[in-house]
Amino acid sequence: MLLAAGIARAAPDAAQLAALANGSNDEKIAALRDLGAQADAASLPVLAALSEGSLYAFKTDSGWRVLLLKASGEAVDAASGERLLSLPEGADSVMINNRVRGALAAALAAIRLASADVEMRLEAIATLGNAPDVKFLPLLDAALRRESNENVKTRIETVRAVILLQNGQREDRLMAIRILGETSDPAHLRLLRPFLTKDGQGRFVETDTRIRAAARQAAREIESRVQTGEMLKRVFEGISLGSILLLAALGLAIAYGLMGVINMAHGELVMIGAYAAYVTQTLVQQHAPAFFDVWLLAAIPVSFFAAAFAGFLMERLVIRHLYGRPLETLLATWGISLMLIQGVRAFFGAQNVTVENPSWLSGGVEIIGKQILTYNRIALIVFAALVLAGVVVLLAGTRMGLFVRAVTQNRAIARCMGVSTGYVDSMTFGFGAGLAGLAGCALSQIGNVGPELGQGYIVDSFMVVVLGGVGQIAGTVYAALGLGILNKFIEAFAGAVLAKIAILLMIVIFIQKRPQGIFALKGRYADI
């Protein structure tokens with residue numbers, strides 16, 4: 013856009029243009045720093061062209077001539093604004109290395125600091141913070157005076173403090189330390205620690221005791237906030253993992269509590285839901301790309317009914333003939349899981365497939381200590397809560413839910429009262445399978461989808477069900493969230509493998525003391 017508009021006047025003078033065209037890397041960096049310090053918007057076309065690789069130069073009798081190549085093929089003289097139909101013979105692209113690119117990014121940021129767009133100003137401040145230069149102090153001071161956005165103003169003050177910490181006088185450094193101490197950025201700890209280091213003879217490198225004391229206090233404050241942010245992030249990740257376990261185990265808890273069936277194919281029902289989401293995404297991409305941002309909303313019912321149908325068929329064709337024979341049921345469902353895995357491999361291939369996040373699930377929220385809570389995991393937690401609420405309403409407030417609870421507590425009496433237990437079994441198993449499909453749809457938003465997807469959650473799902481209490485929804489919720497949070501806290505100190513082992517040992521010990529789980533099954537035949 014800048015090149016298309018042309019340039020009314022050129023901010024870089026002849027010496028600066030010559031340095032950019034043919035100077036050494038150090039000369040180019042010096043010229044870029046000067047242009048950034050001038051903060052003249054007229055320099056943007058030249059700097060943008062240099063950044064995009066469309067700045068050309070060639071030597072004439074009077075010196076170097078610098079040209080900006082436009083998308084149309086025309087060239088514009090950077091000094092005079094003269095337009096040429098094409099690049100002259102002998103004009104070469106101006107090449108830069110990573111060091112020069114860093115200085116170029118800082119110069120562009122210094123100029124964009126005066127933009128009317130808040131996001132552009134924030135990006136410019138972040139760039140200046142990555143390459144602090146004392147030459148930018150006047151620009152930051154001017155930007156601070158005219159800034160009305162409190163967030164931007166705080167960011168400017170922080171970058172200014174970083175520059176003063178490295179280049180300011182004693183009082184300026186003390187003020188900079190105080191400002192940095194009010195932040196929660198772990199990177200600022202690296203700036204403060206040199207004030208607290210000692211040389212080879214055990215003497216502090218920083219001789220000023222006031223500065224050392226201020227740096228020590230500021231470092232403690234930052235460390236405290238960083239630790240708080242890390243703890244909040246672990247709790248968030250634990251709730252997120254617990255939400256995944258809850259979605260995966262909820263259907264299993266209902267079916268296991270109702271029929272006592274150990275369904276080893278439950279993980280593959282999760283996989284079916286994930287692949288249903290992938291197919292929905294692909295169809296929307298091919299046939300309705302304008303609605304791609306809402307494909308996930310369409311995938312939710314598709315995943316539910318795809319997995320529910322698979323579960324319904326599984327129960328009607330196989331499981332209903334094996335009630336009361338747990339070993340045969342376990343082996344049969346294990347065989348079904350292998351068949352489903354191989355079927356998916358044959359149809360979709362053995363490689364993982366990628367399910368894209370809608371734009372509204374990209375990014376995240378920054379909290380204390382520069383920790384990021386991603387939108388897709390926040391949405392996962394909300395989704396799990398909504399699914400749980402729907403299950404509770406269904407079981408507690410509908411006629412079908414009444415039948416399910418009756419059959420769970422006493423199948424024989426429910427049959428005597430006229431309840432079709434076979435119909436309840438089929439519908440409940442299909443509903444539990446549909447919940448597994450919803451888990452697969454949710455999992456597709458936080459990782460790749462593959463034939464082995466469900467294998468990673470079947471054991472965890474059974475642990476949640478057993479720990480919470482067979483057929484107990486409240487116990488499943490407590491167990492899932494508890495295991496998720498506990499796993500993340502142990503994982504932070506011992507690693508993922510040891511965390512799994514530690515949790516398994518805890519569950520074994522707990523079950524030894526309380527075999528019925530957190531919540532015991534209620535009913536006349538609960539102990540049978």
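Going from the sequence shown to our numbering is simple: count from 1 and add 12. Just so you know, even glycine gets a beta-carbon here, dropped at the ideal spot from N, CA and C.
- [ ] Determine the direct distance from the alpha carbon of K382 to that of A118, and round the result to whole angstroms.
- [x] Here residue 118 corresponds to residue number 106 of the sequence shown, with the count starting at 1. Here residue 382 corresponds to residue number 370 of the sequence shown, with the count starting at 1. So the alpha carbons of these two residues sit roughly 22 Å apart.
Open item on the list: Starting from W307, trace the alpha helix (DSSP H) in both directions and tell me its first and last residue.
Closed with: In the sequence shown, residue 307 corresponds to position 295, counting from 1. That run of the alpha helix (DSSP H) goes W307 to L329.
- [ ] Check whether the Cβ atoms of I137 and G48 lie closer than 8 Å to each other.
- [x] One-based indexing of the sequence shown puts residue 137 at position 125. One-based indexing of the sequence shown puts residue 48 at position 36. Contact flag unset, no.
Open item on the list: Could you tell me the alpha carbon to alpha carbon distance between L62 and L32, rounded to whole angstroms?
Closed with: Along the sequence shown, read from residue 1 onward, the residue named residue 62 stands at position 50. Along the sequence shown, read from residue 1 onward, the residue named residue 32 stands at position 20. Cα to Cα, the separation comes out at about 9 Å.
Open item on the list: Measuring only the C-alpha atoms, how far is A320 from G285?
Closed with: The residue you call residue 320 lines up with position 308 of the sequence shown. The residue you call residue 285 lines up with position 273 of the sequence shown. Approximately 9 Å between the Cα atoms of the pair.
- [ ] Identify every residue that forms a DSSP beta bridge with D197.
- [x] In the sequence shown, the residue the question calls residue 197 occupies position 185. Answer is none; D197 lacks a bridge partner.
Task: Y287, enclosing alpha helix (DSSP H) - first and last residue - done: Numbered from its first residue, the sequence shown carries residue 287 at position 275. Segment H278 to H299, the alpha helix (DSSP H) holding Y287.
Task: Identity of the residue in G468, H200 and S252 nearest P144 by Cα - done: By 1-based counting over the sequence shown, the position of residue 144 is 132. Nearest of G468, H200 and S252 to P144, Cα basis: H200.
- [ ] Let me know the beta strand (DSSP E) ranges lying completely inside the segment 49-125, each 3 residues or longer, listed in chain order.
- [x] 67-72, 75-81 and 87-89
Open item on the list: So, at 6 Å on beta carbons, what are the nonlocal neighbours of A538 in its own chain, with the 5 sequence-adjacent residues on each side left out?
Closed with: Start at 1 with the first residue of the sequence shown, and residue 538 comes out as number 526. Confidence at A538 is low in this model, with a pLDDT of 46, below 50, so the placement of that residue should be treated as unreliable; the coordinate-derived value is given next. Around A538: no qualifying Cβ.
Task: Whole-Å CB distance - R389 paired with I485, under 8 Å assumed - done: Indexing the sequence shown from 1 puts residue 389 at position 377. Indexing the sequence shown from 1 puts residue 485 at position 473. No, R389 and I485 are not in contact; Cβ-Cβ is about 23 Å, not under 8 Å.
Task: Pairwise C-alpha distance: G481 and A424 - done: Indexing the sequence shown from 1 puts residue 424 at position 412. Indexing the sequence shown from 1 puts residue 481 at position 469. Distance between the alpha carbons of A424 and G481 is about 22 Å.
Open item on the list: Just list the residues that DSSP pairs V377 with in beta bridges.
Closed with: Translated into positions along the sequence shown, residue 377 becomes position 365. In the DSSP output, where bridge partners are listed per residue, V377 has L385.
Task: Other residues of its chain near V58: CB distance less than 6 Å, five sequence neighbours each side excluded - done: Residue numbering aside, residue 58 sits at position 46 when the sequence shown is read from its first letter. Here the set comprises P24 and A90.
- [ ] Under 8 Å Cβ to Cβ from D305, same chain only, skipping five residues before and after it: list those, please.
- [x] Along the sequence shown, one-based indexing puts residue 305 at 293. Cβ neighbours of D305 beyond the five flanking positions: P370, S371 and W372.
- [ ] Give the range of the alpha helix (DSSP H) segment to which N142 is assigned.
- [x] Your numbering for residue 142 matches position 130 in the sequence shown. Note, N142: alpha helix (DSSP H), V130 to N142.
Task: Spatial distance of A451 from D104 (CA atoms) - done: To locate residue 451, count along the sequence shown from 1; it is residue 439. To locate residue 104, count along the sequence shown from 1; it is residue 92. Spanning the two alpha carbons is a distance of roughly 57 Å.
Open item on the list: For a quick check, are the C-beta atoms of N259 and L447 less than 8 Å apart?
Closed with: On the sequence shown, position 247 is the one that residue 259 refers to. On the sequence shown, position 435 is the one that residue 447 refers to. The displayed chain sequence assigns Leu, not Asn, to residue 259. Yes.
Open item on the list: So the candidates are V314, A311 and A344; which of them puts its Cα closest to the Cα of E327?
Closed with: Along the sequence shown, read from residue 1 onward, the residue named residue 327 stands at position 315. Among V314, A311 and A344, the Cα nearest to that of E327 belongs to A344.
Open item on the list: Can you tell me whether F207 is helix, strand or coil according to DSSP?
Closed with: In the sequence shown, the residue the question calls residue 207 occupies position 195. If DSSP states are grouped into helix, strand and coil, F207 belongs with the helices.
Open item on the list: To the nearest angstrom, how far is the alpha carbon of E503 from that of S127?
Closed with: To locate residue 503, count along the sequence shown from 1; it is residue 491. To locate residue 127, count along the sequence shown from 1; it is residue 115. Their Cα atoms are separated by approximately 44 Å.
Task: Nearest residue (CA-CA) to R399, options E280, A261, F522 and A267 - done: Walking along the sequence shown from the start, residue 399 turns up at place 387. Here the sequence assigns Val to residue 399, which means Arg is not the residue at that position. When only C-alpha atoms are compared, the closest one is A261.
- [ ] Could you check the C-alpha separation between G375 and I393 for me, to the nearest Å?
- [x] For the purposes of this step, residue 375 is taken as the residue at position 363 of the sequence shown. For the purposes of this step, residue 393 is taken as the residue at position 381 of the sequence shown. C-alpha separation (whole angstroms): 16 Å.
Open item on the list: Using a 10 Å radius around the Cβ and a threshold of 16 neighbouring Cβ atoms, would you call Q293 buried or exposed?
Closed with: Taking the first residue of the sequence shown as position 1, residue 293 is located at position 281. Buried, because 16 or more other Cβ atoms sit within 10 Å of the Cβ of Q293.
Task: Member of V171, D38, A391 and V273 whose CA lies at the smallest distance from the CA of W346 - done: As a first step, residue 346 is located in the sequence shown; it is residue number 334 there, counting from the start. It is V273 whose Cα lies nearest to the Cα of W346.
Task: Straight-line gap, G279 to S456 (C-alpha atoms, nearest Å) - done: As a first step, residue 279 must be located in the sequence shown, where it is residue number 267. As a first step, residue 456 must be located in the sequence shown, where it is residue number 444. So the alpha carbons of these two residues sit roughly 14 Å apart.
Open item on the list: Given the structure, does A418 come close to the ligand COA, in the sense that its CB is under 7 Å from one of the ligand's heavy atoms?
Closed with: Absence of the ligand COA from the depicted structure is noted, as is the absence of any ligand whatsoever, leaving it without description.
TODO: Look up V461 in the DSSP assignment and give the residues it is bridged to.
DONE: Looking up residue 461 in the sequence shown gives position 449. DSSP lists V365 as partners of V461.
TODO: Spell out the partners DSSP gives Y216 in its beta bridges.
DONE: Mapped onto the sequence shown, residue 216 falls at position 204. The displayed chain sequence assigns Phe, not Tyr, to residue 216. Answer by DSSP bridge pairing, in chain order: K210.
Task: Contact set for I530: own chain, Cβ-Cβ below 7 Å, skip 5 residues either direction - done: Residue mapping note: residue 530 aligns to position 518 of the sequence shown, counting from 1. Once the five neighbours on either side are set aside, the close Cβ partners of I530 are L479, G480, G481, G487, Y490 and A491.
Task: Beta-carbon proximity list for L152, same chain, < 7 Å, skipping 5 on both sides - done: Here residue 152 refers to the residue found at position 140 of the sequence shown. Once the five neighbours on either side are set aside, the close Cβ partners of L152 are I168, V171 and R172.
Open item on the list: For R228, tell me which candidate among L203, L244 and N142 has the shortest Cα-Cα distance.
Closed with: By one-based count along the sequence shown, residue 228 stands at place 216. The residue with the shortest Cα to Cα distance from R228 is L203.
Task: Within 8 Å, strictly: CB atoms of A318 and G449 - done: Within the sequence shown, residue 318 is the residue found at index 306, counting from 1. Within the sequence shown, residue 449 is the residue found at index 437, counting from 1. Taking 8 Å as the Cβ cut-off, A318 and G449 qualify as a contacting pair.
TODO: Tell me whether G409 sits in a helix, a strand or coil according to DSSP, three-state version.
DONE: Here residue 409 corresponds to residue number 397 of the sequence shown, with the count starting at 1. Note: G409 maps to helix in three-state DSSP.
Task: Distance CB(I266)-CB(T440) smaller than 8 Å - done: The residue given as residue 266 occupies position 254 in the sequence shown. The residue given as residue 440 occupies position 428 in the sequence shown. In contact: I266 and T440 (Cβ atoms closer than 8 Å).
- [ ] Quick one: grab the DSSP three-state call for L259.
- [x] Start at 1 with the first residue of the sequence shown, and residue 259 comes out as number 247. Looking at L259 - three-state DSSP - the assignment turns out to be helix.
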